[in-house]
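Single-structure report; data block below.
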Amino acid sequence: MLNGKIYTFNREKPRAEAVAVLDEKIVYVGEDKEVSKLVGPNTQVINLNGKTVIPGLTDCHVHMASFGRSLSTLNLRGLTSITQLKRLVKEKAESLPPNAWIFGRGWDQEKFVEKRLPTRWDLDEAAPENPVVLFRVCSHICVANSKALELAGIDKATEPPLGGEIDKDVSTGEPTGIIRENALELITKVFPKASEEETLNTCVEACREAVKAGLTCVHWIIESPMELRALQRLRKEGKLPLRAYILVPAELMKHLKGLGLMQGFG
């Protein structure tokens, strides 16, 4: 790579013009004229035309499958009111048949002019015939409408699991639709199940977005045996565009034996 703005993050030589790579390893960082001496008949030369190059970034905690799924859901980032949120949900519901799930991610009540959390009743107004689940920007909290709560069997008598919370109206005891932390499993377990092919495509989309953001390595938290199978397929087929260090939750360890886990994931 020649004619670029190379940020080395080396205090003694923070900037350079060119980089030489051999067998997937950087062998030289410096001036154009020095790197040009290394060019052979089979060398691929990229003229950066002044573009910036930085060292690859690593995300040390990422749920890639969840991230990939979120790319095809309602994007709620940047909304400034519950009214806006309801409008997006209503528009989505109008494009779907009754009972089709609606998912979204990215809302933040701190940015809402109403200065409160959204509720099941807000979502009921927007989509009474569809189960709706919208995750907060942190992904540790969601709001679900009455249809989704009913499918999950969550009512005023439901007790949250250890480490979770189900917000309830102080006067009626009815769930408000806000579900937190470990209690999320009560509703995620009734979500439509993706096929292995859908999971693979989800992972492909997540990888594509990660690479666009400058990531060259991720610490990939596995959420299901199916996801791990899909990841192995990507690597075997040469479709994994970044390095992956796999983190497997303890409860999934029992499934690994039958997966024929390959080497190369950290």
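Using numbering that gives the first Met the number 0, the first residue of the sequence shown is number 0, and each one after it goes up by one. Cβ coordinates follow ideal geometry from the N, Cα and C atoms, glycine included. Please read all numbers here as calculations on a predicted model, not as lab measurements.
Nearest-angstrom Cα separation, counted from residue j out to residue i
i	j	result
asparagine 200	methionine 225	12 Å
cysteine 59	tryptophan 219	8 Å
alanine 182	asparagine 48	52 Å
glycine 29	valine 52	13 Å
tryptophan 120	lysine 12	59 Å
glutamate 23	serine 138	35 Å
alanine 205	glutamine 231	15 Å
isoleucine 165	valine 88	22 Å
proline 98	alanine 126	According to the sequence shown, residue 98 is asparagine rather than proline. Their Cα atoms are separated by approximately 10 Å.
alanine 151	tyrosine 6	51 Å
valine 20	serine 80	49 Å
lysine 4	serine 35	16 Å
valine 210	leucine 233	15 Å
threonine 198	glycine 67	9 Å
lysine 50	arginine 14	13 Å
Delimiting residues of the beta strand (DSSP E) encompassing residue i
i	result
alanine 17	17-21
aspartate 58	56-61
glutamate 158	Counting along the chain, glutamate 158 falls outside any beta strand (DSSP E), and DSSP gives it neither H nor E.
leucine 133	131-135
leucine 1	Here leucine 1 belongs to no beta strand (DSSP E), and DSSP marks it neither H nor E.
Pair within 9 Å by beta-carbon distance, residue i and residue j
i	j	result
valine 26	methionine 0	no
phenylalanine 102	valine 61	no
asparagine 74	aspartate 31	no
valine 136	arginine 86	no
glutamate 184	alanine 64	no
leucine 148	proline 117	no
lysine 238	valine 189	no
leucine 84	leucine 37	no
Residue interval of the alpha helix (DSSP H) (run including residue i)
i	result
lysine 146	145-151
Practice prompt. Check whether the segment 246-253 touches the segment 92-109, taking contact to mean three or more Cβ pairs, one atom from each stretch, closer than 8 Å.
Written response: With the cut-off at 8 Å, the segment 246-253 and the segment 92-109 do not touch.
Practice prompt. Indicate whether the contact test is met: 3 or more Cβ pairs, each with one atom in the segment 142-158 and one in the segment 169-182, closer than 8 Å.
Written response: Touching, yes, given that three or more Cβ pairs across the two stretches are closer than 8 Å.
Fill in: Contact between the segment 232-245 and the segment 102-109 (3+ Cβ pairs under 8 Å)
Judged by pairs of C-beta atoms under 8 Å, the segment 232-245 does not touch the segment 102-109, as fewer than three such pairs exist.
Discussion item. Using 8 Å as the cut-off, can you tell me whether the segment 55-72 makes contact with the segment 208-218, which would need three or more C-beta pairs spanning the two stretches below that distance?
Written reply: Because the criterion of three Cβ pairs below 8 Å is met, the segment 55-72 and the segment 208-218 touch.
Worksheet item: For the segment 62-129, which segments carrying the beta strand (DSSP E) assignment without a break, of at least 3 residues, lie completely within its bounds, in sequence order?
Response: Runs of the beta strand (DSSP E) lying entirely within the segment 62-129 and spanning at least 3 residues, in chain order: 101-106.
Fill in: Contiguous beta strand (DSSP E) assignments of at least 3 residues, all confined to the segment 167-233
Look at the segment 167-233 and you find these whole runs of beta strand (DSSP E), each 3 residues long or longer: 174-180 and 214-220.
Practice prompt. Scan the segment 22-58 and note each continuous alpha helix (DSSP H) run of 4 residues or more that stays entirely inside, going in chain order.
Written response: You should have 31-35.
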